[in-house]
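According to our numbering, the stretch in the sequence shown is residues 108 to 474, in order.
Built from N, CA and C at the ideal position, the CB exists for glycine as well.
Keep in mind it's a predicted model, so treat the numbers as computed, not measured.
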Amino acid sequence: MKVKYSYLEEQFADYDEILEKIAAVVKTGDFTLGKEVSKFEDSFASKLGARFGIGVNSGTDALFLSLKAVGVEPGDEVITAANTFIATAGAIAATGATPVYCDITDEYVMDSELIESLITSKTRAIVPVHYAGVPADMDQIVAIADKHKLPIVEDACQAFLAKLNGQCTGTFGATGAFSLHPLKNLNVWGDAGIIVTDDEQLSATLRKLRNHGLRNRDEVDFFGYNSRLDSIQAVVGSHLITSSDWITETRIKWAAQMDRAFSELEGVIQVPERRESKRYVHHLYMVMAHDRDRLMAFLIEKGVDAKIHYPIPLHLQRCSAHLGYQVGDFPVAEKQAHAIITFPIHQHLQKDQVDYMINCVRKFYER
Ligand SMILES: *Cc1c(COP(=O)(O)O)cnc(C)c1O
108 MKVKYSYLEE
118 QFADYDEILE
128 KIAAVVKTGD
138 FTLGKEVSKF
148 EDSFASKLGA
158 RFGIGVNSGT
168 DALFLSLKAV
178 GVEPGDEVIT
188 AANTFIATAG
198 AIAATGATPV
208 YCDITDEYVM
218 DSELIESLIT
228 SKTRAIVPVH
238 YAGVPADMDQ
248 IVAIADKHKL
258 PIVEDACQAF
268 LAKLNGQCTG
278 TFGATGAFSL
288 HPLKNLNVWG
298 DAGIIVTDDE
308 QLSATLRKLR
318 NHGLRNRDEV
328 DFFGYNSRLD
338 SIQAVVGSHL
348 ITSSDWITET
358 RIKWAAQMDR
368 AFSELEGVIQ
378 VPERRESKRY
388 VHHLYMVMAH
398 DRDRLMAFLI
408 EKGVDAKIHY
418 PIPLHLQRCS
428 AHLGYQVGDF
438 PVAEKQAHAI
448 ITFPIHQHLQ
458 KDQVDYMINC
468 VRKFYER
């Protein structure tokens, strides 16, 4: 049996309906901003319970433009998690600010108890990452940010429809940044991203930042960027958002089955604590495994497309060398880099595939 990581072939086996909707847009010539983009922005924001949605051309830009909008400038410091995808730190670096890494918890999210010790007079923002679809501990992070008057930009790229105490991730901070990359939970046919905010002023600034700083056709308020969400991608997004509850619930269902099975392998597999207050959307299904590298090789040999997200934490990447971090600086992130393993999880998995993955893991440890 094969359990593939990518599900795009199945997801888009029937693409005629989407192509028809795109053809209708092509006929109108409404290719940039315009009706389809506004329609998608509104449905995305309302799905999350946010006031405004601002479509941009990637999740990375959603972070970068958010950081610009809250006032991050060259020379500032921005605190983020040491285990995130490189784009989070890359967006911070692109503003000219320095990423300041924070160690994480066994739930794979920023350890809120460590944040205050990282705040300096140069700190200008905090970027919690809802990694793997796990909501970060926003209660504590919001309290710290408020106390130090720091804006929060949430990296919710992996956490569409994740919730903490019933509130969607991405709606706690000044802004929330989402990616619509083909392998994210809500995806389109290429690169795209979207920002949500409840702040009217920030929404207006972000709309200008993504479109050259233009106030209207003839007047420019400040130098901006070209980071518009394509109308054609907005059509795909609007089509797929209608099935996003099913996508999310299916991922949650398979994760629950794996959680149950793996919790019986205590001692060799560590399932992160699952809290009542959190809705985990399992962008990645990650656990910590004893003898991880050999388990990984075994799974791949058995046709299970397991992966590691990621084997090298950001503070130990070459791109961070000038920041002066050392091995041992972030013990939890480093421990996890050696132990985490990601199983394929998506809405097109079948029950026999989930059973098969679980059996492969059992077999490996019975040897
Ligand atoms: C995917 C991702 C991004 C970047 O999104 P793109 O759309 O690929 O630019 C940023 N942060 C995290 C945590 C991500 O997973």
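- Query: Is DSSP giving serine 350 helix, strand or coil here?
  - Reply: Within the sequence shown, residue 350 is the residue found at index 243, counting from 1. Residue state, collapsed to three classes: coil.
- Determine the DSSP secondary structure at phenylalanine 159, reduced to helix, strand or coil. For the purposes of this step, residue 159 is identified with residue 52 of the sequence shown, where counting begins at 1. Look at phenylalanine 159 here: in three-state DSSP terms it is strand.
- Give me the Cα-Cα distance between arginine 513 and aspartate 436, rounded to the nearest whole angstrom. The requested residue 513 is not part of the displayed model; the chain covers only 108 to 474.
- Cα-Cα separation between lysine 442 and aspartate 213, rounded to whole angstroms: As a first step, residue 442 is located in the sequence shown; it is residue number 335 there, counting from the start. As a first step, residue 213 is located in the sequence shown; it is residue number 106 there, counting from the start. For lysine 442 and aspartate 213, the distance between alpha carbons rounds to 10 Å.
- Mapping DSSP to helix, strand and coil, what is leucine 309? For the purposes of this step, residue 309 is taken as residue 202 along the sequence shown, with counting starting at 1. Of the three classes helix, strand and coil, the one that applies to leucine 309 here is helix, per DSSP.
- Rank Thr312, Leu309, Lys315, Gly283 by C-alpha distance to the C-alpha of glycine 300 and give the top, closest one. By one-based count along the sequence shown, residue 300 stands at place 193. Measuring from the Cα of glycine 300, the nearest candidate turns out to be Gly283.
- From valine 216 to valine 185, what does the alpha carbon distance come to, in whole angstroms? Mapped onto the sequence shown, residue 216 falls at position 109. Mapped onto the sequence shown, residue 185 falls at position 78. C-alpha separation (whole angstroms): 16 Å.
- Beta carbon of histidine 288: closer than 7 Å to some heavy atom of ligand 1? As a first step, residue 288 is located in the sequence shown; it is residue number 181 there, counting from the start. Taking 7 Å as the cut-off, the C-beta of histidine 288 counts as close to a heavy atom of ligand 1.
- Task: Kindly identify the DSSP beta-bridge partner or partners of serine 286.
- Result: Here residue 286 is taken as the residue at index 179 of the sequence shown, counted from 1. According to DSSP, serine 286 shares a beta bridge with Gly300.
- Message: Suppose you measure from the CA of tyrosine 392 to the CA of proline 451; what does that come to, to the nearest Å?
- Response: For the purposes of this step, residue 392 is taken as the residue at position 285 of the sequence shown. For the purposes of this step, residue 451 is taken as the residue at position 344 of the sequence shown. Approximately 7 Å between the Cα atoms of the pair.
- Assuming arginine 314 and isoleucine 415 make a contact with CB atoms under 8 Å, what is their CB distance in whole Å? By one-based count along the sequence shown, residue 314 stands at place 207. By one-based count along the sequence shown, residue 415 stands at place 308. The Cβ separation is near 38 Å, so there is no contact.
- Own chain residues within Cβ distance below 8 Å of alanine 269, not counting five before or after: Residue 269 sits at position 162 when you count from the first residue of the sequence shown. The beta carbon of alanine 269 sits closer than 8 Å to the beta carbons of His237, Gly240, Val241, Pro242, Ala263, Cys275, Thr276, Lys385, Arg386, Tyr387, Val388 from its chain, once the five residues preceding and following it are set aside; these are given in chain order.
- Item | Check whether alanine 157 and threonine 278 have beta carbons under 8 Å apart | Translated into positions along the sequence shown, residue 157 becomes position 50. Translated into positions along the sequence shown, residue 278 becomes position 171. Cβ distance < 8 Å, so alanine 157 and threonine 278 count as in contact.
- Query: Between which two residues does the beta strand (DSSP E) containing methionine 393 stretch?
  - Reply: Here residue 393 refers to the residue found at position 286 when the sequence shown is read from its first residue. For methionine 393, the enclosing beta strand (DSSP E) has its first and last residue at 392-396.
- Message: Whole angstroms are fine: how far does the CA of lysine 360 sit from the CA of threonine 202?
- Response: Sequence index remark: in the sequence shown, residue 202 carries index 95 (1-based). Sequence index remark: in the sequence shown, residue 360 carries index 253 (1-based). Separation of threonine 202 and lysine 360 (C-alpha to C-alpha, rounded to the nearest whole angstrom) is 39 Å.
- Can you find at least 3 beta carbon pairs, one from the region 108-125 and one from the region 319-337, that sit closer than 8 Å? Contact fails: fewer than three Cβ-Cβ distances are below 8 Å.
- Mind checking who lysine 442 pairs with in its DSSP beta bridge? Position 335 of the sequence shown, counted from the start, is the residue given in the question as residue 442. Lysine 442 is not bridged to any residue.
- Message: Given 7 Å as the limit, tell me if threonine 195 has its C-beta closer than that to any heavy atom belonging to ligand 1.
- Response: As a first step, residue 195 must be located in the sequence shown, where it is residue number 88. Threonine 195 Cβ: within cutoff of ligand 1.
- Task: Measure the beta-carbon distance from aspartate 210 to alanine 440 and round it to whole angstroms, keeping in mind my assumption that it falls under 8 Å.
- Result: Here residue 210 corresponds to residue number 103 of the sequence shown, with the count starting at 1. Here residue 440 corresponds to residue number 333 of the sequence shown, with the count starting at 1. So it is a contact: roughly 6 Å between Cβ atoms.
- So does the region 173-183 actually touch the region 142-157, counting three or more Cβ pairs closer than 8 Å? Segments in contact, no.
- Would you decide whether valine 353 is buried or exposed? Buried here means 16 or more other CB atoms lie within 10 Å of its CB. For this step, residue 353 is matched to residue 246 along the sequence shown. Rather than valine, the amino acid found at residue 353 in this sequence is tryptophan. It counts as exposed.
- Item | Per DSSP, the bridge partner or partners of valine 411 | Counting from one through the sequence shown, the residue named residue 411 turns up at place 304. Valine 411 is bridged to Val110.
- Indicate, with yes or no, if ligand 1 has a heavy atom lying under 7 Å from the CB of serine 173. In the sequence shown, the residue the question calls residue 173 occupies position 66. Not under cutoff, so the answer is no.
- Query: Around the C-beta of isoleucine 407, are 16 or more other C-beta atoms found within 10 angstroms, so that it is buried, or is it exposed?
  - Reply: The residue you call residue 407 lines up with position 300 of the sequence shown. With a threshold of 16 other beta carbon atoms within 10 Å, isoleucine 407 falls short and is exposed.
- Message: Tell me the DSSP secondary structure of leucine 170 in three-state form.
- Response: For this step, residue 170 is matched to residue 63 along the sequence shown. It is helical.
- Query: Between the region 138-147 and the region 343-350, do three or more beta carbon pairs fall short of 8 Å?
  - Reply: By the C-beta criterion, the region 138-147 is judged to be in contact with the region 343-350, since at least 3 inter-stretch pairs fall below 8 Å.
- serine 310: buried (16+ other C-beta within 10 angstroms of its C-beta) or exposed? For this step, residue 310 is matched to residue 203 along the sequence shown. Counting Cβ neighbours within 10 Å, serine 310 comes out buried, since at least 16 surround it.
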